[in-house]
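Novice:
Residue numbers (UniProt numbering): 1 to 63.
#1: Which of the three DSSP states is assigned to residue 47 in this structure?
#2: Three Cβ pairs or more, each shorter than 8 Å: is that satisfied between the stretch 9-24 and the stretch 36-55?
#3: Inspect the beta-carbon positions of residue 7 and residue 33 and report whether they are closer than 8 Å.
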């Protein structure tokens, strides 16, 4: 989670500095952040799935 926060702050800083969402560095940091966010979300999903004790993936979650 710490790496995600660092990348998020770095991305915000670069965008503010360069004022260009299509800048190569903005895209690179954004893509790196995406990788970490996806890994974090997968980890959270696995944690939720393994902790449901066979009640289904979304047991206790309101739809």
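Don't be surprised by glycine CBs; every beta carbon is placed ideally from N, CA and C.
Specialist: Concretely, from the data shown:
#1: In the structure shown, residue 47 sits in a helix (DSSP, three-state: H, G or I).
#2: no
#3: yes
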